[in-house]
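First residue of the sequence shown? That's 650 in my numbering, and the numbers climb one at a time after it.
All C-beta atoms in this analysis are idealised placements derived from N, C-alpha and C, irrespective of residue type, glycine included.
A quick note: this is a predicted structure, and the numbers were derived from the prediction, not measured.
Below: the structure, in structure tokens.
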Amino acid sequence: GTAARAYLAGDKAALDAAWYGSAFAVLVDEGGMAAAKQLIDAGLGSQDSLLRGAALGSVATSGKEDIARWLLDEFDDPRLRRNERQGFIRGVIGARDTRDWGFAWLQTNFEKVMASGGGIFFTARLPSMVGGYCSVQKADEIAAFLRPKLAGKTGALDLERTVERVRSCGVLKDARGAELSAEFKKIK
């Protein structure tokens with residue numbers, strides 16, 4: 650966090666590019682919305698693809714719902730590229746703490762997202778976006794929402810694999826979750 654703050658303050662020797670992602674994630678975790686806005690501005694103001702990607706990605710995957718809501722509902726900047734906007738959606742849905750909110754947002758805003766361009770590429774990545782769940786109920790919800798949208802399109806097969814993986818994980822968790830928890834309590 651200290652190195653990221655120094656880097657953003659102008660000390661380019663404070664942070665090696667290999668650590669951008671980790672350092673920026675710490676910065677957002679510690680600084681919340683103010684740090685997120687600072688990173689977005691730094692990322693969008695840069696032509697360094699490593700800095701730009703790490704800054705935007707760290708904000709999108711912060712796991713903070715207030716930041717997720719700001720990114721997807723309010724944030725609008727002409728410097729933001731379409732694929733970066735879609736990266737925000739992927740990051741919010743991919744982060745465990747904002748996954749449910751992000752998936753609900755996607756369900757509500759699906760048509761608007763598809764109309765914004767890049768539809769075939771975004772659609773092909775949809776199954777992997779929601780693959781982080783581990784629940785039979787969520788597998789059913791994903792299938793009900795995405796099957797009609799992906800029928801006969803790129804991503805349909807990947808969707809079926811994702812639904813199966815989410816369902817299998819949920820079945821295993823339901824069947825063995827209590828047993829696993831008991832074993833971990835013994836490890837103390």
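- The continuous alpha helix (DSSP H) containing Val812 extends over residues 805-836.
- If the five residues before and after Leu676 are omitted, its C-beta is found closer than 7 angstroms to the C-beta atoms of Gly650, Ala653, Arg654, Ala684, Leu688, all from its own chain and listed in chain order.
- C-alpha of Ala753 to C-alpha of Arg739: approximately 13 angstroms in a straight line.
- For the pair of segments examined, the stretch 736-751 was found to touch the stretch 707-719: the number of CB pairs separated by less than 8 angstroms reaches three.
- Closest in C-alpha terms to Gly681, from the list Trp668, Gly712, Ser695, Ser698, comes Gly712.
- Taking a contact as a CB-CB distance under 8 angstroms, the pair Gly736 and Leu755 does not count as one, their CB atoms being some 14 angstroms apart.
- At least 7 angstroms separates the beta-carbon of Gly804 from that of Thr757.
- For Thr747, the secondary structure class from DSSP, reduced to helix, strand or coil, is coil.
- DSSP places Thr710 outside both helix and strand once states are collapsed to three, so it counts as coil.
- A direct Cα-to-Cα measurement between Glu679 and Val708 gives close to 12 angstroms.
- Per the coordinates, the alpha-carbon of Val785 lies some 7 angstroms from the alpha-carbon of Ser817.
- Inter-residue distance for Ile791 and Cys783 is about 12 angstroms (C-alpha atoms, whole angstroms).
- Contact check for Val820 against Ala788 fails: the beta carbons are separated by 7 angstroms or more.
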